[in-house]
Amino acid sequence: MSSVLPKAARRGLADEAADLVRAAILDGRFPPGAALREVELAAHLGVSRGSVREGLARLEREGLVRGGWHRGTTVIEVTAEDVEEVYVLRAALDRLAATTARRVADEEHLSALDRLVAEMAAEAAGSGEAHRLVALDIAFHDRIYAAAGNGRLTAAWEAIRSQLHLFQLRRVDAARAHYRARVVEEHRELAALMRSGDVRTLARRAEEHVDSARRSLLAGLPPAP
């Protein structure tokens, strides 16, 4: 594992441990189902086991890892039940975030959305690197929530954000061509609707965008045993 993780910088070490392990999960170094052992992580991050334990507890609250008294901590598996629960919640949150942001967003927020779409288009036209596209996808929705200016709404988004990031990576692994074909146009349409006066269409398309992701991901999951 020595080449998997960098040393932690000396700030809040539990926060740093959580950030570094999260990044390793989201860039595929720890795939779904991978074991996360406190002793090994502490040694390779250069922090105490207590800091690792606290960092993993934070990731468990984010829904990114699972643990228990009689079993070690592992990266979550992507199950159909989890996908249904998270994406149903996301559809409701995204609809509210988009329609709220539409009413209050300023030009800076709207221009940021346009720039992210342009970056997606450039990436898709080039290497189309999956982790980069998904990071831009998540960043686009981060900007909408920020534009909405509702702290509790943003907190609800952040509670499922890490799981969604992992799920979107799993979606791309299962159907990369489908994702690349849709990611730019769907986000370009949402950015355009954020500038329009058609709030009903924006609300509908925000939900449809999430439902498309949900169906694509479910189609790529192996059958339940």
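Residues 58 to 282 (my numbering) make up the sequence shown, in order. Think of the CB as a built atom: it goes at the ideal place given N, C-alpha and C, for glycine as much as any other residue. Since the model is a prediction, treat every value here as computed from it, not as a measurement.
- [ ] Would you kindly work out how many angstroms separate the C-alpha atoms of residue 99 and residue 77, rounded to a whole number?
- [x] Here residue 99 corresponds to residue number 42 of the sequence shown, with the count starting at 1. Here residue 77 corresponds to residue number 20 of the sequence shown, with the count starting at 1. Distance between the alpha carbons of residue 99 and residue 77 is about 12 Å.
Task: Coil, strand or helix - residue 122 by DSSP - done: Against the sequence shown, residue 122 aligns to sequence position 65. Note: residue 122 maps to strand in three-state DSSP.
Open item on the list: Using CA atoms only, rank isn't needed, just tell me which of 248, 204, 110 is closest to residue 266.
Closed with: Counting from 1 along the sequence shown, the entry for residue 266 is found at position 209. Selected option, being the one with the closest Cα: 248.
Task: Collapsed DSSP secondary structure at residue 189 in the structure displayed - done: Along the sequence shown, read from residue 1 onward, the residue named residue 189 stands at position 132. Note: residue 189 maps to helix in three-state DSSP.
Open item on the list: Helix, strand or coil for residue 211? Go by DSSP, reduced to three states.
Closed with: Position 154 of the sequence shown, counted from the start, is the residue given in the question as residue 211. Looking at residue 211 - three-state DSSP - the assignment turns out to be helix.
- [ ] Going by DSSP, name the residue or residues bridged to residue 258.
- [x] Your numbering for residue 258 matches position 201 in the sequence shown. Under DSSP, no beta-bridge partner is assigned to residue 258.
Open item on the list: Output needed for residue 197: all residues of its chain with C-beta closer than 6 Å, excluding positions within five of it in sequence on either side, in chain order.
Closed with: To locate residue 197, count along the sequence shown from 1; it is residue 140. Closer than 6 Å at Cβ, skipping near neighbours: 173, 244.
Open item on the list: With a threshold of 6 Å on Cβ separation, who are the neighbours of residue 119 within its own chain once the five nearest residues in sequence on each side are excluded?
Closed with: For the purposes of this step, residue 119 is taken as the residue at position 62 of the sequence shown. 219, listed in sequence order.
Task: Alpha-carbon spacing of residue 70 relative to residue 82, whole angstroms - done: Working through the sequence shown from its first residue, we reach residue 70 at position 13. Working through the sequence shown from its first residue, we reach residue 82 at position 25. Those two C-alpha atoms are separated by around 18 Å.
TODO: Leaving out five residues on either side along the sequence, give the residues of the same chain with a beta carbon under 7 Å from the beta carbon of residue 258.
DONE: The residue given as residue 258 occupies position 201 in the sequence shown. Closer than 7 Å at Cβ, skipping near neighbours: 250.
Open item on the list: Checking 7 Å against the spacing of the C-beta atoms, do residue 228 and residue 269 come in under that value?
Closed with: Sequence index remark: in the sequence shown, residue 228 carries index 171 (1-based). Sequence index remark: in the sequence shown, residue 269 carries index 212 (1-based). No, the pair does not count as a contact, with Cβ atoms beyond the cut-off.
- [ ] Starting from the Cα of residue 132, find the closest Cα among 144, 149, 276, 114 and give me that residue.
- [x] Here residue 132 corresponds to residue number 75 of the sequence shown, with the count starting at 1. Among 144, 149, 276, 114, the Cα nearest to that of residue 132 is on 114.
TODO: Starting from residue 128, trace the alpha helix (DSSP H) both ways and give me its first and last residue.
DONE: Within the sequence shown, the letter at position 71 stands for residue 128. Element bounds for residue 128: not the alpha helix (DSSP H) but the beta strand (DSSP E), 128 to 132.
- [ ] Tell me, to the nearest whole angstrom, how far the beta carbon of residue 154 is from that of residue 205; I am working on the premise that it is less than 8 Å.
- [x] Along the sequence shown, read from residue 1 onward, the residue named residue 154 stands at position 97. Along the sequence shown, read from residue 1 onward, the residue named residue 205 stands at position 148. With a Cβ gap of about 5 Å, residue 154 and residue 205 count as contacting.
- [ ] Might you give, ordered along the chain, the residues of its own chain that have their beta carbon closer than 6 Å to the beta carbon of residue 226, omitting 5 neighbours on each side?
- [x] Residue numbering aside, residue 226 sits at position 169 when the sequence shown is read from its first letter. These residues qualify, in order along the chain: 191.
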